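Reading through the structure tokens given below for one structure.
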Amino acid sequence: MPNSVTPTHCPYCALQCGMNLTPQRDGGVTVVERPDFPVNRGALCGKGRTAPAVLASGVRLTSPLVRSGGTLVPATWEEALDRIAEGLARTRTEHGPDACGVFGGGGLTNEKAYSLGKFARVVLGTSQIDYNGRFCMSSAAAAGMKAFGLDRGLPFPLEDIPRTGCVILVGSNLAETMPPSLRFFNELKENGGTLVVIDPRRTKTAEQADLHLAPRPGTDLALALGLLHLVVAEGRVDEEYVAERTAGWEDARAAAMAHWPEYVERITGVPVPQLREAVRLFCEPEHAMVLTARGPEQQSKGTDTVGAWINLCLATGRAGRPLSGYGCLTGQGNGQGGREHGQKADQLPGYRKLDDPAARRHVAEVWGVDPDSLPGPGRSAYELLDALGTDIKSLLLMGSNPVVSAPRAAHIEERIKSLDFLAVCDVVLSETAELADVVLPVTQWAEETGTTTNLEGRVLLRRRAISPPEGIRSDLEVMHELAARLGGERGLEKGFPTDAEEVFEELRRASAGGPADYSGITYRRLAEENGVFWPCPTGAGTTEGAGNTQGAGNTEVTEHPGTPRLFLDRFATPDGRARFAPVTHRPAAEEPDDEYPVLLTTGRVVAQYQSGAQTRRVDELNAAAPGPFVELHPRLAARLGAAEGDPVAVVSRRGRAVAPARITTGIRPDTVFMPFHWPGEGRANTLTNPALDPTSRMPEFKACAVRLEAVKA
1 MPNSVTPTHC PYCALQCGMN LTPQRDGGVT VVERPDFPVN RGALCGKGRT
51 APAVLASGVR LTSPLVRSGG TLVPATWEEA LDRIAEGLAR TRTEHGPDAC
101 GVFGGGGLTN EKAYSLGKFA RVVLGTSQID YNGRFCMSSA AAAGMKAFGL
151 DRGLPFPLED IPRTGCVILV GSNLAETMPP SLRFFNELKE NGGTLVVIDP
201 RRTKTAEQAD LHLAPRPGTD LALALGLLHL VVAEGRVDEE YVAERTAGWE
251 DARAAAMAHW PEYVERITGV PVPQLREAVR LFCEPEHAMV LTARGPEQQS
301 KGTDTVGAWI NLCLATGRAG RPLSGYGCLT GQGNGQGGRE HGQKADQLPG
351 YRKLDDPAAR RHVAEVWGVD PDSLPGPGRS AYELLDALGT DIKSLLLMGS
401 NPVVSAPRAA HIEERIKSLD FLAVCDVVLS ETAELADVVL PVTQWAEETG
451 TTTNLEGRVL LRRRAISPPE GIRSDLEVMH ELAARLGGER GLEKGFPTDA
501 EEVFEELRRA SAGGPADYSG ITYRRLAEEN GVFWPCPTGA GTTEGAGNTQ
551 GAGNTEVTEH PGTPRLFLDR FATPDGRARF APVTHRPAAE EPDDEYPVLL
601 TTGRVVAQYQ SGAQTRRVDE LNAAAPGPFV ELHPRLAARL GAAEGDPVAV
651 VSRRGRAVAP ARITTGIRPD TVFMPFHWPG EGRANTLTNP ALDPTSRMPE
701 FKACAVRLEA VKA
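Taking the UniProt record's numbering, the leading residue of the sequence shown gets 1, the next gets one more, and so forth.
What follows is the structure, given as structure tokens:
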């Protein structure tokens, strides 16, 4: 057994915490602290520490499975791959290429995401590809593109947070979702800065705040507009900055002035004195930031909501300046990179738009195909899932579990069951994989090399530490083999290498010149550095959309350092100016009424991750968070006649979920909360509303109308 220690990164959230792995005699690995990585400086949450548990043979899939007589049974790789190729080919022949769907995941490496987008468009010829990252931060991405001309989760590194003066954290419980990041906010307070947390619940993060605002779910847009109204009324607008670096202020100001404090208090439930205090804390320091997460984003008006928070930053001169700005706390491990390189319905590698003729020509040349052969934009994630069994007859799914994670989940489960053919690639037998015709067991994070892009836009190298068990193949190998089977005489498998670095080299060429330019990043650099921030073009010149003038006018070809901080000189818009969003408040798609008088909001707990497909298989994590619950205020519990631990039914227009009551004064009396990690009768997403944001196509996970019912023993 080698004594080497392999530096790598956690397989879970978008912090992508650094860790070292030490191989064990039984073939597994042990996690060892890696203090040199600046994002977590050695700290890990329980999920990261226990990540190797999912590598165990008793937990993971170890053989391909095919459905026989209604049951999944072990099969050879050749049989399983042949059956997938036959199923997809039959669908394509009988119904056309767009009857084949592809659904990816925000946990796939950049190489896998890139190859999956290419596979869908070149091998299958389908436009029907999207990924679960659409459920993560697509509203923030859309708002960022509108305002700044570029979407990168954080336009600055996390290390800037302790040095700013105030952070407004909107809809994020990072103490539970990203625990190692909390140190940056603790350091902020130690340095004299302040933290304002906006959340309908008094979470562990809200307990750390200098000021906690608890609005009704679905009213974050009104809250942001109310704060901007006060900024204007109190003479706190940075008029010089607005004139020099922005456009559209007059319309945005007029919209904000229609949201006076008392009106906003009636909508949100946040008292006017708290609104005024939030403005004071944000505006008095020289530097300040607004960071949003799923709370304001997972709404049917999420793009406008984020746009309103960006407006607050622009009006006060808090964007495109050192130690100030707007940022989004990306959730999934590679949610950022997953959409940058072609896994999203409307995008090509390098964050190019699929309907841009120049982008199509560039990528088609790299792929060696005719630009006209590339399909156009397809359906967004929920719309794709909703079309299963009707327009879409077959589905190839990698690294996602929509039976648990999709809104209106019972309906989506039925749509999946109605497919003619379903193939799933995963490391465990998820609830979705259990419905498949073919399941392929694939390598995990510690068994493969590849890159991810964390919430800062920092591209990282995950290194292979151990060999996978015999009979396990990588997703790259799967796509290579399927391309060989589906490509006929065209030799398409040659365009799908199984070596991750070879794929990354092609990704570099495909992204060159695009907004998310990785062309100056190499595996060598990633092995030597603690990540490289995109955009990073080849040489010292600037890149289209970078938003900085670093290196402009320098014709010497040198190694570009990457771009940790965006927009310091100009924004990535054609004229270099940021755009205000002229938005106004509108209610959630589904407001409480006599039949459904309570609001439901959903989220995560510290010991579980996303749909729980992996973390629910780890004993230590299950001991800490064994199942779902319904969090409700004592007054609401008293009206229901429910005591702590009693089963409570939560009913929406889409279904019914049952879970034990957890009674706390830390939630609004008009709101209940459920975590979304579990299947079965406690599945929170049975209840959630698939109403979509018109721009981002993000479903409204964070607010829907429900009623509560006592459950008789």
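Note that the Cβ used here is the ideal one computed from N, Cα and C, for glycine as well.
Quantities reported herein were computed from a predicted structural model and do not represent experimental measurements.
- Boundaries of the beta strand (DSSP E) harbouring D426: 421 to 426, taken from the DSSP string.
- F184 and A638 have their alpha carbons spaced roughly 39 Å apart.
- Looking from the CA of D151, the closest CA among T665, T330, E505 belongs to T330.
- In the assembly as shown, T390 is an exposed residue. Its beta-carbon has fewer than 16 other beta-carbons within 10 Å.
- Taking one beta carbon from each stretch, the segment 298 to 318 and the segment 687 to 701 have 3 or more pairs nearer than 8 Å; the two touch.
- Residue L169 holds the alpha-carbon nearest to the alpha-carbon of D210 among L169, M178, R216.
- If you look at E631, you'll find it in the beta strand (DSSP E) that goes 630 to 632.
- In this structure, T563 keeps its C-beta atom at 7 Å or more from the C-beta atom of G149.
- In the DSSP assignment, R656 falls within the unbroken beta strand (DSSP E) covering 655 to 663.
- Here R318 has A288, S324 as same chain residues with Cβ atoms under 6 Å from its own Cβ, once five neighbours each way along the sequence are excluded.
- Per DSSP, the unbroken alpha helix (DSSP H) holding S138 starts and ends at 138 to 148.
- Note on geometry: alpha-carbon atoms of Q16 and G107 lie some 11 Å from one another.
- Shown here, H341 sits in coil according to DSSP, grouped into three states, outside any helix or strand.
- Taking the CA atoms as reference points, L72 sits about 38 Å from L708.
- Distance from the CA atom of I466 to the CA atom of E477, rounded to whole angstroms, is 17 Å.
- Inter-residue distance for R67 and G269 is about 53 Å (C-alpha atoms, whole angstroms).
- Rounded to whole angstroms, the separation of the alpha carbons of V306 and L227 is 13 Å.
- Rounded to the nearest angstrom, the Cβ distance from L384 to D130 is 5 Å, consistent with a contact under 8 Å.
- Nearest to K393 by C-alpha distance, out of R415, N401, G376, is R415.
- Annotated three-state conformation of Q208 is helix, per DSSP.
- As a beta-bridge residue in DSSP terms, K353 pairs with Q347.
- In terms of Cβ geometry, V31 and R60 do not form a close pair [threshold 7 Å].
- Here the segment 358 to 371 does not lie against the segment 160 to 180, with fewer than 3 beta-carbon pairs under 8 Å apart.
- DSSP places S394 within a strand segment (E or B) once states are collapsed to three.
- In this structure, the beta-carbon distance from V503 to E111 falls below 7 Å.
- Excluding residues up to 5 positions away in sequence, E413, E431, T432 lie with their Cβ nearer than 6 Å to the Cβ of V403 in the same chain.
- With respect to the C-alpha of V532, the residue from V29, F156, S63 having the closest C-alpha is F156.
- The three-state reading of DSSP puts N622 in helix, counting H, G and I together.
- If you check the CB distance, R360 and P349 do not come in under 7 Å.
- Three or more pairs of CB atoms, one per stretch, sit closer than 8 Å, so the segment 334 to 352 contacts the segment 441 to 454.
- In this structure, D251 lies near P582, with their beta-carbon atoms less than 7 Å apart.
- The alpha-carbon separation between A691 and P592 amounts to approximately 15 Å.
- For the 7 Å CB-CB criterion, Y114 and H341 form a contact.
- The Cβ atoms of A578 and A224 lie no closer than 7 Å to each other.
- In the three-state reduction of the DSSP assignment, A56 falls in the coil class.
- Of the candidates V232, S172, L374, the residue whose Cα lies closest to the Cα of V123 is L374.
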